[in-house]
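If you're matching positions, the sequence shown starts at 100 in the working numbering and goes up one per residue.
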Amino acid sequence: MTRLGLYIDAQYREEAGRLFTEFESFPFLRFGCEVGGHFDELVLFGRSAPEGVGVDHELPAGPRLAPLPYYENLARIGAVARATSGVVRAMWRGLERVDVVWAFGPHPFALLLALLGLARRKRVVLGVRQDTLTYFRTRLRSRGTAPLLAPLWVLDRLWKLLARLVPATVVGGALERLYGGPRRGVYAMTISLVRGEDVADGPRDAGPGDDVELLTVGRLEPEKNPVLAVEALAALQGENGRRYRLTWVGTGRLGDDVRAAAERLGVADRVELPGFVPFGPRLMERYRQADVFVHVALTEGAPQVLLEALSAATPVVATDVGGVAATLEDGAAGALVPPRDAPALAAAVARTVADDAARRGRVERGLEIAREKSLEAEAERVARWIGGARGGA
Numbered sequence: 100m101t102r103l104g105l106y107i108d109a110q111y112r113e114e115a116g117r118l119f120t121e122f123e124s125f126p127f128l129r130f131g132c133e134v135g136g137h138f139d140e141l142v143l144f145g146r147s148a149p150e151g152v153g154v155d156h157e158l159p160a161g162p163r164l165a166p167l168p169y170y171e172n173l174a175r176i177g178a179v180a181r182a183t184s185g186v187v188r189a190m191w192r193g194l195e196r197v198d199v200v201w202a203f204g205p206h207p208f209a210l211l212l213a214l215l216g217l218a219r220r221k222r223v224v225l226g227v228r229q230d231t232l233t234y235f236r237t238r239l240r241s242r243g244t245a246p247l248l249a250p251l252w253v254l255d256r257l258w259k260l261l262a263r264l265v266p267a268t269v270v271g272g273a274l275e276r277l278y279g280g281p282r283r284g285v286y287a288m289t290i291s292l293v294r295g296e297d298v299a300d301g302p303r304d305a306g307p308g309d310d311v312e313l314l315t316v317g318r319l320e321p322e323k324n325p326v327l328a329v330e331a332l333a334a335l336q337g338e339n340g341r342r343y344r345l346t347w348v349g350t351g352r353l354g355d356d357v358r359a360a361a362e363r364l365g366v367a368d369r370v371e372l373p374g375f376v377p378f379g380p381r382l383m384e385r386y387r388q389a390d391v392f393v394h395v396a397l398t399e400g401a402p403q404v405l406l407e408a409l410s411a412a413t414p415v416v417a418t419d420v421g422g423v424a425a426t427l428e429d430g431a432a433g434a435l436v437p438p439r440d441a442p443a444l445a446a447a448v449a450r451t452v453a454d455d456a457a458r459r460g461r462v463e464r465g466l467e468i469a470r471e472k473s474l475e476a477e478a479e480r481v482a483r484w485i486g487g488a489r490g491g492a
């Protein structure tokens, strides 16, 4: 019997034997639950959320919770300090219930769990979903907040040092290189939520009409650079004799910035912000209705939204950051553009709309990739690697 313990910095609520989490963690935890399904038991280490906290997205049945004391976030230093001793005790008890620890960081409590797991002679595997320093640099808007990067740098260095001693799973080839790969102790994985049976059979018969629907899915946060999509939308109006619309699915701090940019550029009536839509039939229908999926982030691992778009036979135009180029096979499955370049983004969208042959070729390759990297295929590969990876120095 092999039991897997999974840690990400997430909040949970238990109700009638089912587990719920917040929307930010929900997509990855669905993938984690699929990986855990290849073990005899899955135990999720995470904060037990109090009443009133938005933890209402139901996870698949099966995993059990090893509850940790609640704190709102790491910025609440006092609350984190008060919770730390309880976190240590809860993690120590929870480790009784697992044989393999899969801890995602860099995060101070992920590091703590990994070290406690080694102390208890558990098999320990690290997980990395993004380049932490680049991620936070895009979020820190003023020089006065720059000193906050110092402790993050220390934590990042400690995590990379530990990854030299124990195995690590990383999302995408860019992170694989950051962690000294390709090498035996590093596994570059892809996070997919689309099952093989749900991948489209082939490219669409008809191309975009007079009204071209652009779609993007992601948080409205600085690292996702959402205003760039609005700037490209404004530049596109009238290109190829068509009208363009943009739908951004997601929530975040920059919602008002996006609306203000749309008003300023005269495209407010052509921008829709429907909010968060959880992965499922409603979201996949959004992908299928879109003519082009645009991805404008400043930093990424290997974004699962690209696989969702590819699986729906939706053409992709994406910024060449992180693991995006590897996911799109250097342009074979989607057009690549530089980050922060609205004219280049608009030009690539216009070419995608106009060139039927190139668009169809990329969609066909994208569908092949989506089938190769379906949820069940990727989860099985990751579970097999974790199960065979040896923890310890």
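For glycine and all other residues, C-beta sits at the position ideal for the given N, C-alpha and C.
* Look at the alpha carbon of residue 241 and the alpha carbon of residue 319, and state the distance between them as a whole number of angstroms. => A caution first: residue 241 carries a pLDDT of 46, below 50, which makes its placement in the model unreliable, though a value can still be read off. When rounded, the distance between both Cα atoms is 19 Å.
* **Beta-carbon contacts of residue 423 that lie in its chain and below 6 Å, excluding the five residues immediately before and after** => 399, 417
* Among 269, 393, 231, 278, nearest to residue 419 - alpha-carbon criterion -> 393
* Span separating the alpha-carbon of residue 279 from that of residue 285 -> 8 Å
* Check each candidate in 159, 288, 181 and name the one with the smallest Cα separation from residue 169. => 181
* To do: Look at the Cβ atom of residue 111, then the Cβ atom of residue 143, and state whether they are nearer than 8 Å.
  => yes
* Return the bridge partner residues of residue 524 from the DSSP annotation. => For residue 524 there is no data in the structure shown, the boundaries of the chain being 100 and 492.
* Asked: Do the region 380–388 and the region 256–271 make contact, defined as three or more Cβ pairs closer than 8 Å?
  -> no
* Selected residue, minimal CA-CA separation from residue 378, among 156, 139, 145 -> 156
* Tell me the DSSP bridge mates of residue 454? -> According to DSSP, which records beta bridges pairwise, residue 454 is partnered with nothing at all.
* Alpha-carbon to alpha-carbon, residue 337 and residue 108 -> 45 Å
* **Reduced DSSP category for residue 392 - H, G, I as helix; E, B as strand; rest coil** => strand
* Whose C-beta lies closer than 7 Å to the C-beta of residue 328 among residues of the same chain, with five residues either side of it excluded? -> 315, 345, 347, 393, 395
* Report yes or no: do the region 290–299 and the region 402–411 share at least 3 C-beta pairs separated by less than 8 Å? => yes
* Asked: In or out: residue 167 buried (at least 16 other Cβ within 10 Å) or exposed?
  -> buried
* Beta-carbon separation of residue 452 and residue 443 under 8 Å? -> no
* Rounded to whole angstroms, how far is the Cβ of residue 232 from the Cβ of residue 215, which I believe are closer than 8 Å? -> That belief does not hold up - the Cβ atoms of residue 232 and residue 215 are roughly 25 Å apart, past 8 Å.
* Asked: Of the choices 262, 106, 185, whose alpha-carbon is the least far from that of residue 212?
  -> 106
* Report back the beta-carbon spacing between residue 274 and residue 227 to the nearest angstrom; my notes put them in contact at under 8 Å. => 6 Å
* Relative to the alpha-carbon of residue 431, which residue among 465, 187, 387 has its alpha-carbon at the smallest distance? -> 465
* Report yes if the CB atom of residue 136 is closer than 8 Å to the CB atom of residue 161, and no otherwise. => yes
* Asked: Out of curiosity, what's the CA-to-CA distance linking residue 130 and residue 287?
  -> 15 Å
* Asked: Below 8 Å, can you find three or more Cβ-Cβ pairs linking the region 171–178 to the region 196–203?
  -> no
* Below 8 Å between beta carbons: does that hold for residue 309 and residue 341? -> yes
* So residue 203 is in the beta strand (DSSP E); what residue range does that whole segment cover? -> 199–204
* If you run the structure through DSSP and keep just helix, strand and coil, what is residue 485? -> helix
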